[in-house]
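So the structure is just underneath, and the comments pick up after that.
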Amino acid sequence: MAPTQHKEVHSDGLSASPTTPARTAAQGRRAHAGLIQRDVYCNNRHHLVGSMKITAVRVANPRWVNAYGSQKHRYKSDAEKMELVIRLAKENVLHRTGGPFGAAIFRREDGRLISVGVNNVQRCNNSVLHAEIVAIMLAQHSLCSFTLDVKDTATYELISSCEPCAMCLGALVWSGVRRLVCGATRHDATRIGFEEGPVFPESYRYVKNRGIEFVRRVSHKQARAVLDLYASRGGVIYNGLRQSCVKLRKSFG
Ligand SMILES: [Zn+2]
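Following this note's numbering, the numbering of the sequence shown begins with 1061 at its first residue and continues without gaps.
Written out as structure tokens, the structure reads:
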């Protein structure tokens, strides 16, 4: 499918010619001040915002995700749950719909799948749409609850193909999830150029003291392989460390 041509729309509602790199200084200042609003791409749909302020953002996985995971099936082990999120991460790479990360929320008592998420940062032009965030958002929406900490009825766990960045670790605490299970490590992500932000050993001690169980390196080799696949296909490192990006280019030619 040919990429949709990107236009800018000025605050007076007049559509400018297709964006060129040679934007004038005045245009740059207006854009910085929010006077030029860009088209919003999400879920492969093109919304022309025009001169109206944006009042809503749609959060949705790519459509192919619907073919993966079953809410009728009961997932019995961490390995089985991890197999699903690693598959989601890999398919996200193969479909070129985002970064190499997948996540899911399960009900611990019976292994029921509540929601899944893949990384949607580039596709939705949204820096916060990491796989974990998407899975948490969809689970809370599905359960009509702003928290998953509903001990009287059920406990919920987050399974992630990679250890969370600083943002996702923070979101995890507020989400009400009681257990975190990860595949690839933070080191695996930084090795291919991603930055994971300020996550320290103290961060995990805090999470543990909040009563959240943390299990690492489940199906680690398979989870790490998805990151390497993404790097080998030239995937965009959208929040990478400059130094790490240089290492990546050297490693993968
Ligand atoms: Zn994250």
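We treat Cβ as the ideally placed atom computed from N, Cα and C, and that holds for glycine. Values in this document were obtained by computation on a predicted structure and should not be read as measured data.
- For Lys1268 and Leu1229, the gap between their C-alpha atoms comes out near 12 Å.
- Our two residues, Gly1243 and Thr1115, have alpha carbons roughly 36 Å apart in a direct line.
- In the structure shown, Tyr1264 falls within a helical segment according to DSSP collapsed to helix, strand and coil.
- The Cβ neighbour count for Asp1170, taken over all protein chains shown within 10 Å, is under 16; the residue is labelled exposed.
- Boundaries of the alpha helix (DSSP H) around Val1153: Asp1138 to Leu1154.
- One alpha carbon belongs to Ala1163, the other to Ala1191, and they sit about 5 Å apart.
- In terms of side-chain proximity, the C-beta atom of Glu1255 is found no nearer than 7 Å to any non-hydrogen atom of ligand 1.
- The beta carbons of Val1178 and Pro1258 sit no closer together than 8 Å.
- Taking a C-beta distance under 8 Å as the contact criterion, Lys1132 and Ile1219 do not qualify as a contact pair.
- A contact between stretches requires three or more CB pairs, one per stretch, nearer than 8 Å, and the region 1244-1255 fails this requirement with the region 1194-1209.
- DSSP, reduced to helix, strand and coil, places Gly1177 within a strand of the structure shown.
- For Ser1205, the closest C-alpha among the options Val1181, Ser1235, Arg1168 and Ala1226 is that of Ser1235.
- Assigned with DSSP and collapsed to three states, Gly1162 falls in strand.
- Counting along the chain, Cys1228 sits inside the alpha helix (DSSP H) bounded by residues Ala1226 to Ser1235.
- Within the same chain, Phe1161, Ala1244 and Ala1249 come within 6 Å of Cys1222 by CB-CB distance, once the 5 residues on both sides are set aside.
- Between ligand 1 and the CB of Cys1228, the shortest heavy atom gap is smaller than 7 Å.
- In chain order, Arg1239 place their CB closer than 6 Å to the CB of Glu1273, counting only its own chain and leaving out the 5 sequence neighbours on each side.
- Taken atom to atom, the span from the alpha-carbon of Ala1226 to that of Arg1134 is near 31 Å.
- With a contact defined as Cβ atoms closer than 8 Å, Arg1293 and Val1153 qualify at about 7 Å.
- The beta carbon of Leu1198 sits closer than 7 Å to the beta carbons of Ser1175 and Gly1177 from its chain, once the five residues preceding and following it are set aside; these are given in chain order.
- Annotation for Ser1130: Leu1173 place their beta carbon closer than 8 Å to its own, counting only its chain and skipping 5 residues before and after.
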